[in-house]
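Residue numbers (the working numbering): 78 to 362.
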Amino acid sequence: MRLKIQHNTTYNYQKLISLNPHHFYLKPLQRNYLEVETYSLKIVPEPEGMNERYSIEGNPYFQAWFKGETESMIIQVEFQVQTSHFNPFLFLIDQWFLQQFNPEADIPFSYEPNDRPILQPYLNHTGNNLLKSYSLGKLNTNDPIQFLTQLNAAIHADWHHIIREEENLWSAAKTFAAGKGSCRDLSFMLMEMLRHVGLAARFVSGYAFNPELEEGHELHAWVETYLPGAGWVGLDPSLGLMADKHYIPLAASFLPENTLPVHGTYGGENLKPSTLQTSVSIHQI
């Protein structure tokens, strides 16, 4: 499947400002089912300099710095990708991890001691008993994969997916109580639920192509959980599905704010909040 993606973002600052260095997380992550055939990133005003770098978690980003003043910043991304079909369940999990799995335990999952220092940021959670109880309530199997699919499907069934224009992220507790949430809210809640039962989880931001939509595409959020032997496995609670060839990740992190597409600040006198306009177009070609 070949997709063409156009993502345009405009920041208006209401007065002349100076742009501080910015980081743009707008390039697809490397995946074995995904090949980036063409890629273009244009920024207005044109940066004085720009270089591709990698974050501490391995996310590619473009570092850009500017000179002069401007009343706006326009970011235009266009790329073409080829995605290949794959079975999201086609993997083997390490036997040690399976042997340590105990559905009756307070924390059913555990990792090898040598892996825990690396995974610890992806295991930290808020200690919310409601989130933990809900997760454990779906743990009625000796098969970790079946548990993940059941929990993912249950969130899709029990919470209403909504579109929120606000940029903020609801806490997992707020989403749990509200019975609804945006894709990023539901993903953050699932991430917290997984961590409460001992599974390392991270937040993913990117694009999800729905072939039934002609327009209305937007940035999407989902979750990846770490299964030794299989690596990071994608789960989308908004649809109750495992991530497949329709998902194009841009950034993944233990902190959701680290996956925002644009990171940066601006300076000047008597500053006012900027306004943001964004649009995403995804077409199969």
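C-beta: ideal position from N, C-alpha, C; glycine also.
Note that this is a predicted model, so its numbers are computed, not measured.
Quiz item: Taking the alpha-carbon positions, what's the L365 to F253 distance?
Solution: Missing from the structure shown is residue 365; the chain here goes from 78 to 362 and no further.
Own chain partners of R130 with C-beta closer than 7 Å, once the 5 adjacent residues on each side are dropped:
Y138 and Q140
Close beta carbons around P198, own chain, < 7 Å, minus the five adjacent residues each side: F331
- prompt: So M268 packs on S212, CB below 8 Å; how close in whole Å?
  reply: In this structure M268 does not touch S212 by the C-beta definition: roughly 11 Å separates them, more than the 8 Å allowed.
Residue interval of the beta strand (DSSP E) (run including N85) = Bounds of the beta strand (DSSP E) holding N85 are R79 to F101.
message: Please state the DSSP three-state secondary structure of H238.
response: strand
Check: N229 by DSSP, collapsed to three states: which one?
Finding: Helix at N229.
Exercise for the section: Please classify Y110: does DSSP put it in a helix, a strand, or coil? Expected result: coil
* Asked: Per DSSP, L353 is paired with what?
  -> In the DSSP output, where bridge partners are listed per residue, L353 has Y88.
Beta-carbon contacts of R272 that lie in its chain and below 6 Å, excluding the five residues immediately before and after: L200, H202 and A278
Quick one: residues in its chain with C-beta nearer than 8 Å to the C-beta of T342, no 5 flanking neighbours on either side, listed in chain order? N97
_What does the alpha-carbon distance come out to for the pair M127 and W142?_
7 Å
message = Taking a contact to mean a Cβ-Cβ separation below 7 Å, would you say A230 touches G317 in this structure?
response = yes
- Task: Compute the Euclidean distance between the alpha carbons of N109 and H84, then round it to the nearest angstrom.
- Result: 23 Å
*Whose C-beta lies closer than 8 Å to the C-beta of G306 among residues of the same chain, with five residues either side of it excluded?*
F168, L169, I170, D171 and F174
How many Å lie between A255 and S149 at the Cα?
36 Å
* What is the residue span of the beta strand (DSSP E) that G345 lies within? -> It is not in any beta strand (DSSP E) - G345 carries neither H nor E in the DSSP assignment.
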